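Student: Got a structure here, written out as structure tokens. Questions coming.
Below, the structure written as structure tokens:
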């Protein structure tokens, strides 16, 4: 299956939000921002469960993208592509996942990568359609290549028939996202925690029974047997919100950090600045706990943060940065700037130097403020 990292030892499929690698910055800047493709497919090789199907694939899963797009792919696009791949191109396939328990496959088939650091979920957060393709690592090379190629053909077959429907659907979703940000309703929210449940339709996998074996180094691992077994089991891929925060009219950034500004601009996010000194009613985040992970992940000690929002009225200087949510990439905006998401500026340490005082105790103010309701902010382009 090859190696997972680039020359910087960064896994490109964990880099979509922090965009540290030149490869991912190039993909975002020169493809997603410039061409704005309606659909993308990210092709990989599996390293998980045992099965006969050489080709597996699935759809974006993060619930902070427009869920109507997830439903379209789950209920219409993916099943039709699966049928085309099998019936027209004679390639056995199933939706991608792994067994929750390889010794007891009846417990279910799970897709457990919902964060937008994964490229397909990131594209979904941008309100576009995205497919993750995983070609079976234990299949012979020719079967893997042929299966992937035929999956791409199945995708183009589908798009050739449904292109007008998809273009219209994405246009409506963009309009809805921008309209929401112009005057957010009381009910408009953004998920910061979510849980997983199975979708209504089970998945069928032609698997092999596995058994535990002890390796020469003493480690215990799963080993495939020759006993083939076809199972139809729950498919755990439906992520649903369990904790949400209010989606604001705008975010005010009380920092001019060039790395943060550069990251937002790389994503294609529109940034403005206050034209005049302004007294604004905001919600600020009071930090009660900030904790880094014990182990490095992609060169970072990922943060988790706790606290609460409190109302305040603050005077901001002219030139202070403003990011409004009335833009097509509003979901990316909120995922990066909300303090408690699992893939934002806090998670990836962009704000570390601002949050903790050099001496003393406690925390500095979280330097991103939320303007909850429509407000007459005097702004100009930066």
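In this note's numbering, the protein residues as written are 198 to 579. Backbone N, C-alpha and C define an ideal beta-carbon position, used for all residues, glycine too. Note that the structure is a prediction, hence the values are computed from the model and not measured.
Take the Cβ of residue 472 as the centre, count every other Cβ of all protein chains shown within 10 Å, and call the residue buried at 16 or more, exposed below.
Tutor: Reading the chain shown from its first residue, position 275 is the one you call residue 472. Exposed, by the Cβ-count rule.
Student: Below 7 Å CB to CB, which residues in the same chain sit around residue 203 once its five sequence neighbours on both sides are set aside?
Tutor: By one-based count along the chain shown, residue 203 stands at place 6. Answer for residue 203: 209, 218 and 220, listed in chain order.
Student: Does at least one heavy atom of the ligand GTP sit under 6 Å from the Cβ of residue 518?
Tutor: Of ligands this structure carries none, so the ligand GTP is not represented either.
Student: Starting from the C-beta of residue 479, find all residues in its chain whose C-beta is less than 7 Å away, skip the five residues before and the five after it, and write them out in chain order.
Tutor: Here residue 479 refers to the residue found at position 282 when the chain shown is read from its first residue. Excluding sequence neighbours, residue 479 sits near 449, 509, 511, 566, 567 and 568.
Student: Helix or strand or just coil, what does DSSP make of residue 232?
Tutor: Residue 232 sits at position 35 when you count from the first residue of the chain shown. Helix at residue 232.
Student: Considering only the beta carbon of each residue, do residue 403 and residue 427 sit closer than 7 Å?
Tutor: Sequence index remark: in the chain shown, residue 403 carries index 206 (1-based). Sequence index remark: in the chain shown, residue 427 carries index 230 (1-based). Their beta carbons are under 7 Å apart, which means residue 403 touches residue 427 by this criterion.
Student: Considering only the beta carbon of each residue, do residue 429 and residue 399 sit closer than 7 Å?
Tutor: As a working mapping, residue 429 is identified with position 232 in the chain shown. As a working mapping, residue 399 is identified with position 202 in the chain shown. Yes, they are a contact pair.
Student: Assuming contact is defined by CB atoms lying nearer than 7 Å, are residue 457 and residue 547 in contact in what I supplied?
Tutor: Taking the first residue of the chain shown as 1, we reach residue 457 at position 260. Taking the first residue of the chain shown as 1, we reach residue 547 at position 350. Against a cut-off of 7 Å, the Cβ pair of residue 547 and residue 457 comes out as a contact.
Student: Tell me whether the segment 283–295 and the segment 246–253 touch, counting them as touching only if at least three CB pairs, one residue from each stretch, are closer than 8 Å.
Tutor: With a cut-off of 8 Å, the segment 246–253 and the segment 283–295 count as touching, because enough Cβ pairs lie within range.
Student: What alpha helix (DSSP H) runs, 4 residues minimum, are completely inside the segment 292–368?
Tutor: Segments of the alpha helix (DSSP H) lying fully in the segment 292–368: 316–322.
Student: Tell me, please, whether the segment 487–499 touches the segment 458–469 by the rule of three or more beta-carbon pairs shorter than 8 Å.
Tutor: As far as the Cβ criterion goes, the segment 487–499 does not touch the segment 458–469, which means the pair count is below three.
Student: Do the segment 401–415 and the segment 231–245 meet, that is, are 3 or more Cβ pairs less than 8 Å apart?
Tutor: Taking 8 Å as the limit for Cβ pairs, the verdict is that the segment 231–245 does not touch the segment 401–415.
Student: Going by Cα to Cα distance, which pick from 505, 550 and 452 is closest to residue 515?
Tutor: Indexing the chain shown from 1 puts residue 515 at position 318. It is 452 whose Cα lies nearest to the Cα of residue 515.
Student: Is it the case that the Cβ atoms of residue 214 and residue 540 are separated by a distance below 7 Å?
Tutor: Your numbering for residue 214 matches position 17 in the chain shown. Your numbering for residue 540 matches position 343 in the chain shown. Yes, the pair counts as a contact, with Cβ atoms nearer than the cut-off.
Student: Counting only runs that start and end within the segment 421–486, where is the alpha helix (DSSP H) found for 4 or more residues in a row?
Tutor: Taking only runs of at least 4 residues, the alpha helix (DSSP H) segments lying wholly in the segment 421–486 are 455–463.
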